[in-house]
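Residue numbers (the numbering used here): 8 to 64.
Structure (structure tokens):
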């Protein structure tokens with residue numbers, strides 16, 4: 008695996024596990040609501056595929 012690809016994979020893993028835990032540990036109501044909204048958005052049927060892709064652009 009190329010070094011840049013490996014670094015990106017390591018960062019994503021770090022972000023997903025440690026940073027999300029650290030952010031949620033801050034006990035901010037706004038952050039918790041954002042995470043809940045983000046989670047609900049990706050449940051089946053919540054939004055169509057095209058709408059889900061808009062924020063990523």
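All C-beta atoms in this analysis are idealised placements derived from N, C-alpha and C, irrespective of residue type, glycine included.
Given residue i as reference, the closest of the options once Cα atoms are compared
i          : options    : result
residue 26 : 11, 47, 42 : 42
Simplified DSSP assignment, three categories, for residue i
i          : result
residue 43 : helix
residue 58 : helix
residue 29 : helix
N-terminal and C-terminal residue of the alpha helix (DSSP H) that residue i is part of
i          : result
residue 19 : 10-21
Straight-line Cα distance separating residue j from residue i
i           : j          : result
residue 136 : residue 15 : The displayed coordinates of the chain run from 8 to 64. Any statement about residue 136 would go beyond what the structure contains.
residue 18  : residue 52 : 30 Å
residue 11  : residue 21 : 15 Å
residue 48  : residue 23 : 18 Å
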